[in-house]
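Working notes, structure below.
Protein chains: 2
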Amino acid sequence: MSELPSDVALMWRLREGSRRGPKPSLTVEDITRSAIELADAEGLAAVSMARVAERLGNSTMALYRHVKSKDELLVLMSDAALERPEPMPEGIDWRTALTFWAEGVMVAIRKHRWYSKLPISGPPAGPNNLAWFDAALGALQDTGLPEEAKVGVVMGLMTYVHGEIRLSLDLAAGFADNPSAFSTYGAVLARVVDSRQLPALARVLDAGVFDTVGAFDEESDEDFDFGLQLYLDGVERFIERVCQGS
Amino acid sequence: MSELPSDVALMWRLREGSRRGPKPSLTVEDITRSAIELADAEGLAAVSMARVAERLGNSTMALYRHVKSKDELLVLMSDAALERPEPMPEGIDWRTALTFWAEGVMVAIRKHRWYSKLPISGPPAGPNNLAWFDAALGALQDTGLPEEAKVGVVMGLMTYVHGEIRLSLDLAAGFADNPSAFSTYGAVLARVVDSRQLPALARVLDAGVFDTVGAFDEESDEDFDFGLQLYLDGVERFIERVCQGS
DNA sequence: GCTAAATAGCGTAGCAGGTACGCTATATGC
DNA sequence: GCATATAGCGTACCTGCTACGCTATTTAGC
């Protein structure tokens, strides 16, 4: 019966109603929602305690009655920003299900482009994060993998998916800041790459692979799907290997 | 002959020596090295322009003669912190080579635990980053994949590797901050997970998978290798498919 | 009801960090 | 030598997080 960490208690709304004192004019949910709206509109850098309070018509310090610190607020945002996953379609195989899941993650996070800039503070513990975790584990239900292997597969998948999203969002942000740095990427590399020192890269440049980077598109899921399918091919082989006896 | 971005020019040391004025008492390299040492010793949060300048026996504002902004300094750090990759052993197959490469990345980044907290500002453009990129492309030399496919494979691999490292370092940092939050992770989940709402996760808990999370170890490469091998299995299948004619 | 205790909101202030600006000293090109 | 470009730096401004203490408000316990 140890104490739960305060952020976990807040995310699961476990504070028991204490009675005495004035009625709160704010709730943690209001604060979190307001911070998320602000981040959506102006980016994570615009989220300061002062700006959030201003939006709510309160003073900066009022927030600290509901939230221990700004870091705690960021943790709350990171769970609240993810909506619940859509329920999986019935009767699909694990591979279709994980692809469906991965695209759901991508769609959910793309609604909040600051998401992947949040610091990771610990393993997933909020209700929405755990719901996504559960959904991915559920997709592996019929594979016969042992539970521990399912966790390994899902953790690797999460790492890949979050990493890919982070990369594409950060590149998109960089592109928005400074489009010319991208359209000239091929040219910059050509200026700087010595084919004696970086021969493999020079071959790629010669093949013109980076000449079209100017056509950079945040919404392009090509790279995302490509890497995802590679990983899932690996999972397929792993399942065959582990479950060959059954 | 357009201008190179100033951070790229700095990383490749392309500033041409201009003559007039006092001799600089500082170089960009000094500043970068000093910032890296400070981050190694006290974390990225300790890296302020003031602290870096103090280490160098200069005033804060002196740094701005060499570096446009703190963000630019971070970009310089992100390239300088990676050493050059060790040369690949001769005569190994692509899979051994990429595993060797991935472990090299992990070792290199683990020397600078703040690395994965850096914001991503654009595609790799510094000499060290490009050297690593080249090394991974070189590992696929004999596969017969077209250049564009190599790039896709390597990008996916980088995403996975960096993501996994980021996750493990951030979790390790969280663990150092607050070990009890980790040793009680299983217990927290048990308190909070309802087996009706999150059935797959509940099964994992029942199987006791999270009971040993207390034995959290930053150095454990198990998860890293597991996911890596899954991905490489996928690459293997991809190569077979694409190159079946040859 | 009445009182004591707990609590919400908030004003103030301290501290840290990034950086614009302008001054001074110094080295070089002409 | 003199004009000019540049290195270093002191000052000052702004933004951001948050500790502290005051006041007003509500309720538990009597």
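Residue numbers (our numbering), protein chains in the order written: chain R, 1 to 246; chain P, 1 to 246. Just so it is clear, CB atoms sit at the ideal spot from N, CA and C, and this is done for glycine as well.
ask   = Do the CB positions of residue 79/R and residue 127/R come within less than 8 Å of each other?
value = The answer is yes: Cβ separation under 8 Å.
key: Contacts around residue 227/R, its chain only, beta-carbon distance under 8 Å, and the 5 residues preceding and following it disregarded   = 160 and 164, listed in sequence order.
ask   = If you pair each beta-carbon of the stretch 189-198 of chain P with each one of the stretch 184-203 of chain R, do three or more pairs fall below 8 Å?
value = For the pair of segments examined, the stretch 189-198 of chain P was found not to touch the stretch 184-203 of chain R: the number of CB pairs separated by less than 8 Å stays below three.
key: Spatial distance of residue 143/P from residue 64/R (CA atoms)   = About 58 Å.
task = Anything in chain R within Cβ reach of residue 231/P, meaning under 7 Å, just list it in chain order.
result = What residue 231/P touches in chain R: 230, 231 and 234.
Touching by the beta-carbon criterion (3+ pairs, under 8 Å), the stretch 102-112 of chain P and the stretch 148-156 of chain P = Fewer than three Cβ pairs drawn from the stretch 102-112 of chain P and the stretch 148-156 of chain P lie within less than 8 Å of each other, which leaves the two stretches out of contact.
ask   = Using 8 Å as the threshold, is the stretch 129-149 of chain R in touch with the stretch 83-97 of chain R, meaning 3 or more CB pairs across them?
value = Result yes; three or more Cβ-Cβ pairs closer than 8 Å.
key: Chain-ordered neighbours of residue 159/R on chain P, where CB pairs are closer than 8 Å   = Per Cβ cutoff of 8 Å: 160, 163, 164, 167 and 227.
inquiry  = Quick check on residue 92/P: does DSSP put it in helix, strand or coil?
reply    = Residue state, collapsed to three classes: coil.
Residues in the stretch 42-73 of chain P having any Cβ partner in chain R nearer than 8 Å = Here the close residues number zero.
request  = Pull up the distance between the alpha-carbon of residue 1/R and that of residue 54/R, whole angstroms please.
outcome  = Per-residue confidence for residue 1/R stands at a pLDDT of 45, beneath the threshold of 50, marking its modelled position as unreliable; no derived number is given.
request  = Report the neighbours of residue 277/R on chain P: residues whose CB is nearer than 7 Å to its CB, in chain order.
outcome  = Coverage of chain R is limited to positions 1 through 246, which leaves residue 277/R absent and any answer about it impossible.
request  = Would you kindly check if the distance between the Cβ of residue 174/R and the Cβ of residue 262/R is under 8 Å?
outcome  = In the structure displayed, chain R extends from 1 to 246; residue 262/R sits before or after that span and is not available.
inquiry  = Using 8 Å as the cut-off, can you tell me whether the stretch 222-238 of chain R makes contact with the stretch 228-237 of chain P, which would need three or more C-beta pairs spanning the two stretches below that distance?
reply    = Touching, yes.
Selected residue, minimal CA-CA separation from residue 23/P, among 101/P, 14/P and 66/P = If we check each option's Cα against that of residue 23/P, 66/P comes out closest.
task = Report buried or exposed for residue 7/P, applying the criterion of at least 16 other Cβ atoms within 10 angstroms of its Cβ.
result = Buried, since its Cβ has 16 or more Cβ neighbours within 10 Å.
Every unbroken alpha helix (DSSP H) inside the stretch 165-194 of chain P [4 residues or more] = Fully enclosed alpha helix (DSSP H) runs of no fewer than 4 residues occupy 179-183 and 185-192 of the stretch 165-194 of chain P, in order along the chain.
key: Check whether residue 162/P and residue 121/P have beta carbons under 8 Å apart   = Taking 8 Å as the Cβ cut-off, residue 162/P and residue 121/P do not qualify as a contacting pair.
query = Closest by CA to residue 223/P, which one among 148/R, 188/R and 221/R?
reply = Of the residues 148/R, 188/R and 221/R, the one whose Cα lies closest to the Cα of residue 223/P is 148/R.
task = Indicate the three-state DSSP secondary structure (helix, strand or coil) for residue 199/P in the structure shown.
result = Helix.
inquiry  = Output needed for residue 34/R: all residues of its chain with C-beta closer than 8 Å, excluding positions within five of it in sequence on either side, in chain order.
reply    = In its chain, beyond the 5 residues on either side, 52, 55 and 56 have a beta carbon closer than 8 Å to the beta carbon of residue 34/R.
key: Which of helix, strand or coil DSSP assigns to residue 1/R   = Its pLDDT being 45, under 50, residue 1/R is placed unreliably by the model, and the measurement read from it follows with that caveat. Residue state, collapsed to three classes: coil.
message = Can you check whether the C-beta of residue 94/R is within less than 8 Å of a C-beta belonging to chain P?
response = When Cβ-Cβ separations below 8 Å define contact, residue 94/R makes no contact with chain P.
request  = Measure the C-alpha to C-alpha separation of residue 243/P and residue 199/R and round it to an integer number of angstroms.
outcome  = Approximately 22 Å, taken between the alpha carbons.
task = Would you kindly report the start and end of the unbroken alpha helix (DSSP H) that includes residue 231/P?
result = Per DSSP, residue 231/P belongs to the alpha helix (DSSP H) from 222-242.
task = Report the rounded CA-to-CA distance for residue 5/P versus residue 176/P, giving the unit in angstroms.
result = About 38 Å.
task = For residue 106/R, return the contacting residues in chain P, with the cut-off set at a CB-CB distance below 7 Å.
result = Counting only Cβ-Cβ distances below 7 Å, residue 106/R has no contacts in chain P at all, with the closest Cβ about 13 Å away.
task = Show which residues of chain R have a CB atom less than 8 Å away from the CB atom of residue 121/P.
result = Neighbours of residue 121/P across chain R, judged by C-beta separation under 8 Å: 170 and 174.
ask   = By Cβ distance, which residues of its chain are closer than 6 Å to residue 50/R, with the 5 residues on each side in sequence left out?
value = Around residue 50/R: 60.
query = chain P beta carbons: is any one of them nearer than 8 Å to that of residue 141/R?
reply = With a threshold of 8 Å between beta carbons, residue 141/R makes contact with chain P.
task = Could you name the residues of the stretch 175-186 of chain R whose beta carbon sits closer than 9 Å to any beta carbon of chain P, in the order they occur along the chain?
result = The residues in question are 175, 177, 178, 180, 181, 182, 184 and 185.
ask   = Hey, out of 208/P, 183/P, 58/P and 202/P, whose CA is closest to residue 3/R's CA?
value = Residue 183/P holds the alpha-carbon nearest to the alpha-carbon of residue 3/R among 208/P, 183/P, 58/P and 202/P.
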